[in-house]
Ligand SMILES: [Zn+2]
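Residue numbers (our numbering): 61 to 293.
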């Protein structure tokens, strides 16, 4: 039997049980066990892991843990190298709408099951957003984030912080229904499709070329603007 000592930093503590959050966690194990495996056995999904230090040396997730190792595990750094594209777990319809509202590419279908998502995310290079850490622990998942909150606005704040999306926001660029990019549309061309009050108070419109949905800067937009301001603060 071997013994290793783990210390988790920052937001990785969210995954630990209350009595594990302070100080070090002692793990006893048999045979060849990677750091990744032992970390996941404590409930921390590998896409959340950043720097790993073993007795002060940097090591990769696949490092085989040795008897007596002292392992420090840090959360992955915020930010994302390329333009982020997301795949959202079912039941995250509200978060999907918020992210699309801010212009982000979000694939979402409430009938996708775990195996379908585990196949799509790596194939399309999408970041998996879920509250299911078991799903994030699947080997094929490279990029993913476990949402801590149940509230869709707090979830949005988490995602914006984790992937540093503040500067990449492009409100009114994507259809909330079908994820397709929107196009500006002349008011005159859609006049017959507008409600009287919308016709009266709004002049700027966008149209989804895929599903025909019309968008204007109404109450939902104003709520979202307020939220963005709060997030930026
Ligand atoms: Zn659409």
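Ideal placement from N, C-alpha and C gives every residue a C-beta, glycine not left out.
beta-carbon residue i near ligand 1 non-hydrogen atom, thresh 7 Å
{"i": "residue 268", "result": "yes"}
{"i": "residue 240", "result": "yes"}
{"i": "residue 237", "result": "yes"}
{"i": "residue 150", "result": "no"}
{"i": "residue 166", "result": "no"}
{"i": "residue 271", "result": "yes"}
Assigned exposure category for residue i - 16 Cβ within 10 Å defines buried
{"i": "residue 137", "result": "exposed"}
{"i": "residue 125", "result": "buried"}
{"i": "residue 143", "result": "exposed"}
{"i": "residue 178", "result": "buried"}
{"i": "residue 222", "result": "buried"}
{"i": "residue 225", "result": "buried"}
{"i": "residue 238", "result": "exposed"}
{"i": "residue 270", "result": "exposed"}
{"i": "residue 296", "result": "Here the chain has residues from 61 to 293 only, and residue 296 is not among them."}
{"i": "residue 205", "result": "buried"}
{"i": "residue 249", "result": "exposed"}
{"i": "residue 203", "result": "buried"}
{"i": "residue 96", "result": "buried"}
{"i": "residue 251", "result": "exposed"}
Residues of its chain near residue i, where Cβ-Cβ distance is below 8 Å and the 5 sequence neighbours each way are ignored
{"i": "residue 184", "result": "145, 147, 167"}
{"i": "residue 155", "result": "148, 189, 207, 212, 215, 216, 219"}
{"i": "residue 171", "result": "150"}
{"i": "residue 278", "result": "258, 262"}
Beta-carbon proximity list for residue i, same chain, < 7 Å, skipping 5 on both sides
{"i": "residue 290", "result": "none"}
{"i": "residue 266", "result": "232, 242, 243, 244, 245, 275"}
{"i": "residue 84", "result": "65, 66, 67"}
{"i": "residue 236", "result": "157, 160, 161"}
Spatial neighbours of residue i in its chain, beta-carbon cut-off 6 Å, leaving aside the 5 residues before and after
{"i": "residue 62", "result": "89, 127"}
{"i": "residue 134", "result": "69, 110, 111"}
{"i": "residue 129", "result": "64, 114"}
{"i": "residue 209", "result": "215"}
{"i": "residue 191", "result": "207"}
{"i": "residue 193", "result": "105, 206"}
{"i": "residue 140", "result": "223"}
Closer than 8 Å to chain D by CB, residue i
{"i": "residue 165", "result": "The question asks about chain D, but that chain is absent: this structure has only one protein chain."}
Using 8 Å as the Cβ pair cut-off and three pairs as the minimum, do the segment 110-121 and the segment 240-249 touch? no
Does the segment 97-105 come into contact with the segment 251-262, if we say contact requires no fewer than three beta-carbon pairs (one atom in each stretch) closer than 8 Å? Of all C-beta pairs linking the segment 97-105 to the segment 251-262, fewer than three are shorter than 8 Å, placing the two stretches out of contact.
Per the contact definition of three or more C-beta pairs closer than 8 Å, is the segment 148-157 in contact with the segment 117-127? no
Contained beta strand (DSSP E) runs [length at least 3] in the segment 236-273, N- to C-terminal order: 243-245, 265-267
Can at least three beta-carbon pairs, one atom from the segment 70-86 and one from the segment 154-173, be found at a separation below 8 Å? no
Beta strand (DSSP E) runs contained entirely in the segment 142-179, provided each spans 3 or more residues: As far as the segment 142-179 is concerned, its whole beta strand (DSSP E) runs of at least 3 residues are 145-148, 165-167.
Can you check the segment 173-224 for any alpha helix (DSSP H) of at least 4 residues that lies completely inside it and give the ranges in chain order? 174-184, 193-196, 212-222
Could you tell me which uninterrupted alpha helix (DSSP H) segments, each at least 4 residues in length, are contained entirely in the segment 67-129, listed from first to last along the chain? Here the runs fully enclosed are 95-101.
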